[in-house]
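S.K.:
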Amino acid sequence: MYRCPSCKKEYPLEEKIFRCRCGSYLLVESPGVFPLAALETRDLSIWRYREAYGLPPGTEAVSLGEGTTPLVERTMDGERVRFKLDCLLPSGSFKDRGASVLVSLARRIGVRELVEDSSGNAGAAMAAYSTAAGIRCRIFAPDSTPPGKLVQARLCGAQVVRVPGPRQAASDAVLAAAEKSYYASHLWNPFFIQGHMSAAFELWEQLSRSLPPAVVVPLGSGGYLEGIHRGFRLLVSAGYARALPKIYGVQAAVCDPLHRAFQAGLADFVPVEARAGVAEGIAVSRPPRAREVLACLRESGGRSLSVSEEEIIAAHRRLLASGLYVEPTSATALAGLARLSREEREGAVIFLSGHGLKASEKLAALYPA
Ligand SMILES: [Zn+2]
Numbered sequence: 000m001y002r003c004p005s006c007k008k009e010y011p012l013e014e015k016i017f018r019c020r021c022g023s024y025l026l027v028e029s030p031g032v033f034p035l036a037a038l039e040t041r042d043l044s045i046w047r048y049r050e051a052y053g054l055p056p057g058t059e060a061v062s063l064g065e066g067t068t069p070l071v072e073r074t075m076d077g078e079r080v081r082f083k084l085d086c087l088l089p090s091g092s093f094k095d096r097g098a099s100v101l102v103s104l105a106r107r108i109g110v111r112e113l114v115e116d117s118s119g120n121a122g123a124a125m126a127a128y129s130t131a132a133g134i135r136c137r138i139f140a141p142d143s144t145p146p147g148k149l150v151q152a153r154l155c156g157a158q159v160v161r162v163p164g165p166r167q168a169a170s171d172a173v174l175a176a177a178e179k180s181y182y183a184s185h186l187w188n189p190f191f192i193q194g195h196m197s198a199a200f201e202l203w204e205q206l207s208r209s210l211p212p213a214v215v216v217p218l219g220s221g222g223y224l225e226g227i228h229r230g231f232r233l234l235v236s237a238g239y240a241r242a243l244p245k246i247y248g249v250q251a252a253v254c255d256p257l258h259r260a261f262q263a264g265l266a267d268f269v270p271v272e273a274r275a276g277v278a279e280g281i282a283v284s285r286p287p288r289a290r291e292v293l294a295c296l297r298e299s300g301g302r303s304l305s306v307s308e309e310e311i312i313a314a315h316r317r318l319l320a321s322g323l324y325v326e327p328t329s330a331t332a333l334a335g336l337a338r339l340s341r342e343e344r345e346g347a348v349i350f351l352s353g354h355g356l357k358a359s360e361k362l363a364a365l366y367p368a
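For the sequence shown, numbering that gives the first Met the number 0 begins at 0 and goes up steadily by one.
1) Using only the alpha-carbon positions, how far apart do I246 and S340 sit?
2) In this structure, does DSSP put S92 in helix, strand or coil?
3) By the three-class DSSP mapping on this structure, what secondary structure does K245 have?
4) Rounding to the nearest angstrom, what Cα-Cα distance links E13 and S180 in this structure?
5) Within the present structure, is the beta-carbon of V20 separated from the nearest heavy atom of ligand 1 by less than 8 Å?
6) Does the segment 47-60 come close enough to the segment 324-333 that 3 or more CB-CB pairs lie under 8 Å?
7) Consult DSSP for G353 and reduce its assignment to one of helix, strand or coil.
8) Please tell me whether, using a cut-off of 8 Å, the distance from the CB of S5 to the nearest non-hydrogen atom of ligand 1 is below it.
9) Can you tell me where the alpha helix (DSSP H) holding F190 begins and where it ends?
10) Using DSSP bridges, identify the partner residues of Y181.
11) Are the segment 287-302 and the segment 259-276 touching, with three or more C-beta to C-beta distances below 8 Å?
12) Hey, is K179 close to ligand 1, as in C-beta under 8 Å from one of its heavy atoms?
13) Can you tell which of S170, P212, A51 has its C-alpha closest to the C-alpha of F200?
14) Pair every Cβ in the segment 297-310 with every Cβ in the segment 231-247, then say whether three or more of these pairs are closer than 8 Å.
15) With DSSP as the reference, label K83 as helix, strand or coil.
16) Please return the same chain residues whose Cβ sits closer than 8 Å to the Cβ of P34, not counting the five positions on each side in sequence.
17) Quick one: grab the DSSP three-state call for P145.
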């Protein structure tokens, strides 16, 4: 069942909904964790943890082999730092974890066409998995979006619908289309979040079935953070791990509605102007699942951070100098690490969310020859 945390209404998983009729986001509960014995025989995709996602019975995986991304250690300024390379998923970003699970659900409940409104990594991931599932995918984007940003989604089979006017016009258009189609929203849909739990499970396996003391993640809408925390929580409640890692969520200062809320002790985001800096992938001014994200962050015992454009670029240069070619958005996590105390940093794992090859045009402009 879907459950609304606000009005407590429940919906069967067969319903083609993305939020509650009261306007709130929805939750799904995992019925339990995966059996340990199954890990011996299953392949290395995120589907080795399939029981944990809470999908309806009979759901078949739509998989492109996503999962078990490398955990690597690099030495930076004399300090050992560990990185989880979620930039190495099939479409080049962590969004494949959510897209694989959400598109599998969509096929299970008979969706023939879905709509989405991301012109970035989520759009590319939804396009790839929809095509793999034989589902028609339409991506709504503002007319002003550079063609290069949409090329991956378009070539992976999505129909791109360009909407004239401001960004809000594209958001309105996708909501109108959602009346007749399935809105596979990476921002709203709880099954997209469920897929991100796999990152937590993999980390636990890669650390000999234990959890690190802390992780650092880029923080935009907060879906990644929420999914990873839910994964950790499931491992602890199943007795597979002892303690929840502290999560440090890092926003860019040009757009930090969750950081402001965390600092002020508020339950929901603080509205900010929609501004995208160098970390455009996490420029989300009105994150719809903010209440849940903030609750997860607080439960983990970690905190939010807000870093400047200069700090992000400096961190990006350090990653490049280590041979890690990632999107600037990914570098926010390393910029956040630099802000932590030595004690907080100890044993932390940094999540790198998107590949540098996704942002060639932007990187060429950022670092002219
Ligand atoms: Zn509700």
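Using N, Cα and C, we set each Cβ at its ideal position, and we do this for glycine too. Given the structure is predicted, the values throughout are model-derived calculations rather than measurements.
M.R.: Let me lay it out:
1) Looking up residue 246 in the sequence shown gives position 247. Looking up residue 340 in the sequence shown gives position 341. Approximately 14 Å, taken between the alpha carbons.
2) On the sequence shown, position 93 is the one that residue 92 refers to. Strand.
3) Counting from one through the sequence shown, the residue named residue 245 turns up at place 246. If DSSP states are grouped into helix, strand and coil, K245 belongs with the strands.
4) The residue given as residue 13 occupies position 14 in the sequence shown. The residue given as residue 180 occupies position 181 in the sequence shown. In a straight line, the C-alpha of E13 is about 14 Å away from that of S180.
5) To locate residue 20, count along the sequence shown from 1; it is residue 21. In the sequence as displayed, the identity of residue 20 is Arg instead of Val. Result yes, Cβ under 8 Å from ligand 1.
6) At 8 Å Cβ cutoff, the stretches do not touch.
7) Here the question's residue 353 lines up with position 354 in the sequence shown. The answer is strand: DSSP assigns G353 an E or B state.
8) Here the question's residue 5 lines up with position 6 in the sequence shown. Under cutoff, so the answer is yes.
9) Here the question's residue 190 lines up with position 191 in the sequence shown. 189-205 is the extent of the alpha helix (DSSP H) around F190.
10) Position 182 of the sequence shown holds residue 181. Y181 pairs with L113.
11) yes
12) Here the question's residue 179 lines up with position 180 in the sequence shown. Because no heavy atom of ligand 1 lies under 8 Å away, the Cβ of K179 does not count as near it: no.
13) Taking the sequence shown and counting its residues from 1, one reaches residue 200 at position 201. The shortest C-alpha separation from F200 is found at A51.
14) yes
15) On the sequence shown, residue 83 is found 84 positions in, with the first residue counted as 1. It is a strand residue.
16) By one-based count along the sequence shown, residue 34 stands at place 35. If you ignore the 5 residues before and after P34, its C-beta comes within less than 8 Å of the C-beta of E50, all in its own chain and listed in chain order.
17) Here residue 145 corresponds to residue number 146 of the sequence shown, with the count starting at 1. P145: coil per DSSP, three-state reduction.
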